[in-house]
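Peer 1: First the structure, then my questions, so here it is.
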Amino acid sequence: MATKLGDYTFEDFGLIEEFGHVHPSIPEISENTLAIPGRRGLLSFGTNVGAKHFSFPVKVFVSDRYERQRSKNKLVAFLFDEYMQPREFKLVFDYEPDKYYIAKISNQITPEMLFQMDQFDVSLVANDPTKYFLVDADEIRMGSHIPVRSHVRPARHSFVITNNQTVKLMNDGNLAIRPRISISGTATSLTVRNTKNNKTFKMTNIIATKPIIIEGNTYMVTEGGVDTFSKLLGDFIDLIPGENNISITGEGINLDISFKYRTEFM
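Under the working numbering, the first residue of the sequence shown carries the number 10, and numbering increases by one thereafter.
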């Protein structure tokens, strides 16, 4: 087994990762409900999706107790920063090497100190329970370093638009994602619509000296590097799992448009 904590494995700290770790398939969930007297059952107001918690049984099998302590100290120095705060890192499992969580230590480490070894559990938490693909979709190339078992496909993500047309974007994950959209060039008016869910936005008076960046995840729109949220009229575009046809129409359009995103999984 070779679970990766950032750029390291447990072996790099002088530890042995044992079998039997905990890797939840879904995060914590809790229902928002309301009981009404005289009414059977509960009214549901949606579900809260929480964190994922991981646990790894680990041991240090060295007869020298001073060396055992040095191994544990190396691990602690990695898990915490210089201000004694838990450090976040990419958590990658060897049976799913193309995806990662952002995790950190979540509980006290209490070794059982035996005659020739120490054994303990390392508890981690991913407060964002999403699994992310290793690289952005536009960086996937044939023959690249992407693990061979990955179910992702190389595709175009940058387009030259000089007339009304529809472009295809693939979301190979199982979660909806909001891409970073970069627009440069000129257009009197512009309408961008995902025909899969009809999410649409419009813009007017796009000029070459002020490229536009739309950050869907952070609800930010900049024009020429200046925050201009009012430039966008309508919705931020979502990419639904599977094939998404993006309709790009307008007047006087002569644009370069690119979409940047990282595939996400439950």
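Every residue gets a Cβ at the ideal spot worked out from N, C-alpha and C, and that includes glycine.
Keep in mind that this is a model prediction, so the values were computed, not measured.
Assign VAL69 to one of three DSSP states: helix, strand, or coil.
Peer 2: On the sequence shown, position 60 is the one that residue 69 refers to. Here VAL69 sits in strand by DSSP.
Peer 1: Sort out for me which residues DSSP pairs TYR17 with in a bridge.
Peer 2: Taking the first residue of the sequence shown as 1, we reach residue 17 at position 8. The partner list for TYR17 (beta bridge, DSSP) reads LEU14.
Peer 1: Can you check the stretch 71–111 for any beta strand (DSSP E) of at least 3 residues that lies completely inside it and give the ranges in chain order?
Peer 2: Correct list: 98–102.
Peer 1: Is the stretch 125–136 close to the stretch 57–71, with three or more CB pairs under 8 Å?
Peer 2: Cβ pair count under 8 Å is three or more, so yes.
Peer 1: Of all the options ASN263, ASN57, ASN253, MET212, which has the alpha carbon lying nearest to the alpha carbon of ASP244?
Peer 2: Here the question's residue 244 lines up with position 235 in the sequence shown. Looking at the Cα atoms, MET212 is the closest of the given residues.
Peer 1: Between which two residues does the beta strand (DSSP E) carrying ILE38 extend?
Peer 2: As a working mapping, residue 38 is identified with position 29 in the sequence shown. Per DSSP, ILE38 belongs to the beta strand (DSSP E) from 38–43.
Peer 1: Near ASN203, which residues of its chain fall below 6 Å by C-beta distance, leaving aside the five closest residues on each side in sequence?
Peer 2: Translated into the one-based positions of the sequence shown, residue 203 becomes position 194. These residues qualify, in order along the chain: ILE246, ASN253, ILE255.
Peer 1: When you compare only the Cα positions, how much space is there between THR42 and VAL71?
Peer 2: Residue numbering aside, residue 42 sits at position 33 when the sequence shown is read from its first letter. Residue numbering aside, residue 71 sits at position 62 when the sequence shown is read from its first letter. Each residue's Cα considered, the two are about 53 Å apart.
Peer 1: Take the Cβ of SER53 as the centre, count every other Cβ of all protein chains shown within 10 Å, and call the residue buried at 16 or more, exposed below.
Peer 2: Within the sequence shown, residue 53 is the residue found at index 44, counting from 1. So SER53 ends up on the exposed side.
Peer 1: Rounded to a whole number of angstroms, what is the C-alpha to C-alpha distance between ARG187 and ASP147?
Peer 2: As a working note, residue 187 is residue 178 in the sequence shown. As a working note, residue 147 is residue 138 in the sequence shown. Between ARG187 and ASP147, the C-alpha separation is close to 14 Å.
Peer 1: On the criterion of 16 or more Cβ atoms from any shown chain inside 10 Å, does LEU14 qualify as buried, or is it exposed?
Peer 2: Counting from one through the sequence shown, the residue named residue 14 turns up at place 5. Result: buried.
Peer 1: Are the stretch 112–126 and the stretch 34–41 in contact at 8 Å, needing three or more beta carbon pairs?
Peer 2: No, the stretch 112–126 is not in contact with the stretch 34–41.
Peer 1: If the criterion is Cβ atoms closer than 9 Å, does the pair GLU27 and ALA11 meet it?
Peer 2: As a position in the sequence shown, residue 27 is number 18, starting the count at 1. As a position in the sequence shown, residue 11 is number 2, starting the count at 1. No, Cβ-Cβ distance for GLU27 and ALA11 is not below 9 Å.
Peer 1: Please go through the same chain and pick out, in chain order, the residues whose beta-carbon is closer than 7 Å to the beta-carbon of ASN180, but skip the five residues on each side of it.
Peer 2: Within the sequence shown, the letter at position 171 stands for residue 180. Closer than 7 Å at Cβ, skipping near neighbours: ILE186, LEU248, ILE249, PRO250, GLY251, ASN253, THR272.
Peer 1: To the nearest angstrom, how far is the alpha carbon of ASN173 from that of ASP107?
Peer 2: Working through the sequence shown from its first residue, we reach residue 173 at position 164. Working through the sequence shown from its first residue, we reach residue 107 at position 98. When rounded, the distance between both Cα atoms is 36 Å.
Peer 1: What distance in whole Å lies between the Cβ atoms of VAL176 and ILE45, which are believed to be in contact at a cut-off of 8 Å?
Peer 2: For the purposes of this step, residue 45 is taken as residue 36 along the sequence shown, with counting starting at 1. For the purposes of this step, residue 176 is taken as residue 167 along the sequence shown, with counting starting at 1. At roughly 49 Å, the Cβ-Cβ gap does not stay under 8 Å, so ILE45 and VAL176 are not in contact.
Peer 1: Mapping the DSSP letters down to three states, classify SER132 as helix, strand or coil.
Peer 2: Start at 1 with the first residue of the sequence shown, and residue 132 comes out as number 123. Strand.
Peer 1: Let me know if ASP77 comes out buried or exposed under the rule of 16 or more other beta-carbons within 10 Å of its beta-carbon.
Peer 2: Along the sequence shown, read from residue 1 onward, the residue named residue 77 stands at position 68. Reading the sequence as shown, one finds Arg at residue 77 and not Asp. Its Cβ being crowded by 16 or more others within 10 Å, ARG77 is buried.
Peer 1: Less than 9 Å separating the beta-carbons of VAL69 and LEU24?
Peer 2: Taking the sequence shown and counting its residues from 1, the one referred to as residue 69 is at position 60. Taking the sequence shown and counting its residues from 1, the one referred to as residue 24 is at position 15. Contact flag set, yes.
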